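According to the numbering used here, numbering within the sequence shown proceeds without interruption in unit steps and concludes at 237.
Think of the CB as a built atom: it goes at the ideal place given N, C-alpha and C, for glycine as much as any other residue.
A quick note: this is a predicted structure, and the numbers were derived from the prediction, not measured.
Working notes, beginning with the structure itself.
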Amino acid sequence: MKKWYPVVLFTAALILAVGCAKNQNPVKIKIPKNAVTMDVDFSWEGIPACSHESPEIRVSKVPEGTEELRVRLKNIDVPAWNQGGGKVKHDGSGIIPAGALKLGYNGPCPPGGRQKYEFSVMAVNAEGVIIGFGKARQSFPPKK
């Protein structure tokens, strides 16, 4: 049994590693061709690195019939890393307040320098159909 012990241990570790590996790639979302193009803007000013505090996001040209705004943050320099996002009820103001993305949002945390991040915002109607889409990119940390 002593001869097989390292092989069994290695095999068990390999199975455990493969079975527990996380897929960091977020689910691809197909934006309909007829979705309205929205303008998105935000600022990293006042947002600490490696926090779960989302910045204020301003969205214009939100289509009528929008019930919810779904937001995703992507690290453009490391696209496999899922920064998460969230959703908020659309109140007609075009503003997603700072801190509104609660569960599942991971703010920028670039190791040793600046990296580029992109917020994507989808307008969704009552039936769950994406009727609008927009995005904006900025580097973090912001230039002083």
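Under 7 Å between C-beta atoms of residue i and residue j
| i | j | result |
| --- | --- | --- |
| I223 | A142 | no |
| G178 | R165 | yes |
| F135 | P148 | yes |
| G187 | V155 | yes |
Nearest to residue i (by Cα), restricted to the options the options
| i | options | result |
| --- | --- | --- |
| P203 | V171, E157, F135 | V171 |
| Y198 | R151, G187, E146 | E146 |
| A219 | K237, R163, K228 | R163 |
| I189 | W174, F226, G225, V133 | V133 |
| G200 | M215, G187, Q176 | Q176 |
| V217 | V181, L196, K237 | V181 |
| R151 | A173, S144, M131 | M131 |
Own chain residues within Cβ distance below 6 Å of residue i, not counting five before or after
| i | result |
| --- | --- |
| S232 | R207, K209 |
| I169 | K209, E211 |
| S239 | Any answer about residue 239 is impossible in this case: the structure gives the chain only from 94 up to 237. |
Contacting residues, own chain, Cβ-Cβ under 7 Å from residue i (five flanking each side not counted)
| i | result |
| --- | --- |
| A114 | Caution applies to A114, whose pLDDT of 36 falls short of 50 and renders its modelled position unreliable; the value that the coordinates give is listed next. Answer for A114: no residue qualifies. |
| E138 | P235 |
| I140 | E146, P148, G200 |
| L194 | S147, V164, G178, G179 |
| L196 | G179 |
| G227 | T130, M131, D132, V133, V152, V214 |
Nearest-angstrom Cβ-Cβ length linking residue i and residue j, presumed shorter than 8 Å
| i | j | result |
| --- | --- | --- |
| H183 | E161 | 6 Å |
| A191 | E211 | Contact doesn't hold; Cβ gap of about 18 Å is too wide. |
| T159 | G225 | 6 Å |
Beta carbon proximity, residue i to chain C, threshold 7 Å
| i | result |
| --- | --- |
| A193 | Annotation note: the requested chain C is absent from the structure, which comprises a single protein chain. |
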